Amino acid sequence: MEYILETKEKFNLDQLRCAIDEIDNNILELINKRLSLGKHIGDVKKEKGTKVLDRNREKEVLQRLCALNNGPATDDLVRYLFNVIMTATKEIQKAKIIAFPGPEAGDAHIAALNIFSHSGTFVLQPTIRDVFRGVDKKESRYGVVPVENSIEGAISNTLDLFSEFNLNIIAEYYDQISCDLLSITGNITDVKKIYALPQSIARCRGWLGNKMQGVDIIEIGTSAAAARIAVEDPSVAVIATGRSAHIYGLQEIESKIEDHMGNVTRFLVIGNEKMHPSGCDKTSIVFVTSHTPGALLMALEPVKKAGLNMVKLESRPTRHQNWSYYFFMDIEGHILDSRVSDALEGMKKHCLFLKHLGSYPAFYNEKNVHGG
Ligand SMILES: O=C(O)C(=O)C[C@]1(C(=O)O)C=C[C@@H](O)C=C1
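Per full-length UniProt numbering, the very first residue in the sequence shown carries number 1; after that it's consecutive.
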């Protein structure tokens with residue numbers, strides 16, 4: 001590659017691309033080495049209680065590199081590239097704390113692990129409100145909360161908290177929660193007792209009646225408590241999602257034992273940051289209209305005029321005044337798209353209150369959404 005740069009000889013496209021590939025490999029390796037060093041610096045800073053951001057050091061880094069720069073890169077390009085690299089370093093230094101409402105190894109915990117691919121520190125909070133409060137106080141960077149279930153409907157507690165806290169929705173995730181039978185041996189012939197939540201027993205009544213005759217079925221308050229018993233006793237099985245088996249140290253005996261499939265939960269990731277457009281986004285808002293005939297219809301008119309697709313409209317009592325409602329609405333598109341922002345401006349004229357809750361990538365995975 002050095003040879004190509006130094007000689008006046010002509011090279012073909014393949015040869016030149018080959019040389020570029022070699023350089024890219026080196027750049028990638030060096031970036032990863034730099035990020036690893038950044039992580040070490042982060043650990044030292046954590047021990048000392050120093051902040052991640054050090055503007056003076058960043059200035060120093062950029063000045064030194066610009067002084068070294070012989071082109072053809074401009075100093076502006078050098079500053080731009082190294083700002084991106086230093087931003088990535090800061091991201092790696094910040095501990096990514098993700099809060100979820102309990103129980104441990106429950107649906108929200110499993111969803112959080114899947115959304116963040118197990119990378120981060122996952123913190124259990126006793127309630128959904130505690131998740132909102134922790135993110136609001138920046139004790140955690142993200143929170144994962146359930147907002148809707150295909151069988152139970154909207155999780156009103158979560159919706160209410162959106163009007164109370166000023167947090168952004170930064171992602172959505174649909175998860176199909178299956179009921180699986182787990183035990184320490186993974187062997188069905190060992191099972192003499194099954195511990196499970198009352199709602200799990202109800203969902204699997206047919207299968208249990210068919211396949212588990214003579215086995216004691218015992219209700220318990222949490223799947224974690226059931227799992228603790230099962231870990232100690234090979235004759236005990238639990239009904240829980242198979243994806244939690246490794247958390248409990250259990251093995252799957254049988255998967256999908258529920259009588260009716262398709263129990264899908266929609267989760268939202270909340271945070272203090274705003275998401276850039278991804279090209280396929282959803283925008284969520286909450287609004288209140290005046291208590292007059294046709295007010296909702298008038299408020300929705302700008303959405304219709306803009307030709308925007310409304311994918312959800314849900315109402316909740318405001319609890320400030322009898323028979324007045326918060327409307328939670330999801331439309332396709334991003335707030336930075338003028339069609340969306342203009343429609344919301346138009347809606348405001350007909351609303352007593354309107355708040356943008358977030359624009360975030362739409363999770364369009366047919367398999368997950370429809371429980372296939
Ligand atoms: O030198 C540090 O203190 C670092 O954390 C490294 C680094 C960098 O990427 O160069 C990252 C963050 C700071 O704002 C300054 C510099």
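The beta carbon of each residue, even a glycine, is placed where N, CA and C say it ideally should be. Source: prediction; values computed, not measured.
Asked: Residues near V78 by beta carbon distance below 8 angstroms, same chain, minus five either side; Found: L62, L65, C66, N69
Asked: Start-to-end residues for the beta strand (DSSP E) that takes in P317; Found: 310-317
Asked: I41 beta carbon near ligand 1 (any heavy atom closer than 7 angstroms); Found: yes
Asked: Proximity to R203 [Cα-Cα], best of I184, K39, I4, N263; Found: N263
Asked: Ranges of the alpha helix (DSSP H) found wholly within the region 219-251, counting only runs of at least 4; Found: 223-232, 245-248
Asked: Residue of T318, V311, V145 minimising C-alpha distance to L354; Found: T318
Asked: Cβ contact check for the region 322-337 and the region 275-292: 3 or more pairs under 8 angstroms; Found: yes
Asked: Environment of M310 [buried if 16+ CB atoms lie within 10 Å]; Found: exposed
Asked: beta-carbon R57 near ligand 1 non-hydrogen atom, thresh 7 angstroms; Found: yes
Asked: Sequence-distant residues of the same chain with beta carbon closer than 8 angstroms to S119, five excluded per side; Found: K96
Asked: Among D136, I41, S200, nearest to T89 - alpha-carbon criterion; Found: I41
Asked: Closest by C-alpha distance to F122, when choosing among K137, P101, D136; Found: P101
Asked: Below-8 angstroms beta-carbon distance, V61 vs any chain C residue; Found: Among the protein chains of the structure shown there is no chain C, as only one such chain exists.
Asked: A95 (DSSP reduced to helix, strand or coil); Found: coil
Asked: Residue of I201, Y173, V215 minimising C-alpha distance to L189; Found: Going by the sequence as given, residue 189 is Thr instead of Leu. Of the candidates I201, Y173, V215, the one whose C-alpha sits nearest the C-alpha of T189 is V215.
Asked: Proximity below 8 angstroms, CB of V303 to CB of C351; Found: no
Asked: Simplified DSSP state of H320, which is helix, strand or coil; Found: coil
Asked: Closest residue to L197 among I285, V191, L181, G307 (Cα-Cα distance); Found: L181
Asked: Burial state of Y3, where buried means 16 or more other Cβ atoms lie within 10 Å; Found: exposed
Asked: Member of E29, Y174, T158, N83 whose CA lies at the smallest distance from the CA of D54; Found: N83
Asked: Option nearest M212 by Cα separation, candidates I229, K193, M329, T222; Found: K193
Asked: Inter-residue CB distance, K45 and Q93 (contact presumed, cutoff 8 angstroms); Found: 7 angstroms
Asked: Residues near K256 by beta carbon distance below 6 angstroms, same chain, minus five either side; Found: S178
Asked: Any non-hydrogen atom of ligand 1 closer than 7 angstroms to L5 Cβ; Found: no
Asked: Boundaries of the beta strand (DSSP E) in which P302 is found, first to last residue; Found: Element bounds for P302: not the beta strand (DSSP E) but the alpha helix (DSSP H), 295-305.
Asked: Which listed residue (V52, I201, N12) has its alpha carbon closest to that of I218; Found: I201
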